[in-house]
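1 is the number of the first residue of the sequence shown in the UniProt record's numbering; add one for each residue after it. Scroll down for the structure; my scribbles are underneath it.
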Amino acid sequence: MIKFQYSDGNNNSNFIKGLINVISKEQNNIYWGVGDLDIIPRFSGDYPGSGTHKNQEIAWNFGEKVESEKIVFLEGTTLCEVLDDTQTIRRGVFVCFFNNSPYDYNFRPKVEVKEVNTIQHSLSYLEIRILDGDMFFILTKDSKMNSKLENEFSEFLLD
Numbered sequence: 001m002i003k004f005q006y007s008d009g010n011n012n013s014n015f016i017k018g019l020i021n022v023i024s025k026e027q028n029n030i031y032w033g034v035g036d037l038d039i040i041p042r043f044s045g046d047y048p049g050s051g052t053h054k055n056q057e058i059a060w061n062f063g064e065k066v067e068s069e070k071i072v073f074l075e076g077t078t079l080c081e082v083l084d085d086t087q088t089i090r091r092g093v094f095v096c097f098f099n100n101s102p103y104d105y106n107f108r109p110k111v112e113v114k115e116v117n118t119i120q121h122s123l124s125y126l127e128i129r130i131l132d133g134d135m136f137f138i139l140t141k142d143s144k145m146n147s148k149l150e151n152e153f154s155e156f157l158l159d
């Protein structure tokens, strides 16, 4: 397990996008399952001096969908669109699957689990757990991916 601590837990969407991009560059035949999510959308402003805004509420709608369905499956590009509209993710589980793995709508990933060093789904390639917006736990059996992430984000690495 890799543990990262990000310095700004109230504004972590770019850090998460960085993780997703590094993983997607190494493995391009993947999709994501997202669950146990507490998402805070970007604030566009609502006072007259801020101009007109085309507010699509992408992050808000995504958070509502995860809350009602318990897990949402999406491609990496769609996940990045959600993160573009996100200020921070306070908690969440991002589970990476290979494209040939079927969607499991009965899967209910949780951030806080009893077996912290175990990936929650047997078919998943990688799992990212976010706790309190600044703690990131990444689990994968791929040692090459572990090394890549540790090298790319070494300034955030915990023991």
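By construction, the Cβ of each residue, glycine as well, lies at the ideal position given by its N, Cα and C atoms.
Alpha-carbon spacing of residue i relative to residue j, whole angstroms
i, j, result
"residue 126", "residue 79", "15 Å"
"residue 67", "residue 23", "25 Å"
"residue 11", "residue 106", "31 Å"
"residue 59", "residue 112", "23 Å"
"residue 155", "residue 91", "21 Å"
"residue 6", "residue 102", "32 Å"
"residue 40", "residue 130", "13 Å"
"residue 84", "residue 115", "32 Å"
Integer Cβ distance of residue i from residue j, believed to fall under 8 Å
i, j, result
"residue 32", "residue 63", "With 8 Å as the limit, residue 32 and residue 63 do not qualify as a contact, their Cβ atoms being about 15 Å apart."
"residue 231", "residue 71", "Residue 231 lies beyond the residue range present for the chain, which begins at 1 and ends at 159; the question has no answer from this structure."
"residue 38", "residue 109", "About 13 Å; that fails the 8 Å criterion."
Sheet register partners of residue i (DSSP bridge)
i, result
"residue 130", "92, 136"
"residue 38", "91"
"residue 33", "73, 95"
Best match in the options for proximity to residue i [C-alpha to C-alpha]
i, options, result
"residue 169", "28, 65, 82", "In the structure as shown, the chain starts at 1 and stops at 159, and residue 169 therefore has no counterpart that could be examined."
"residue 14", "88, 149, 26", "88"
"residue 121", "134, 137, 104, 146", "104"
"residue 136", "56, 96, 158, 26", "158"
"residue 98", "18, 20, 4, 28", "28"
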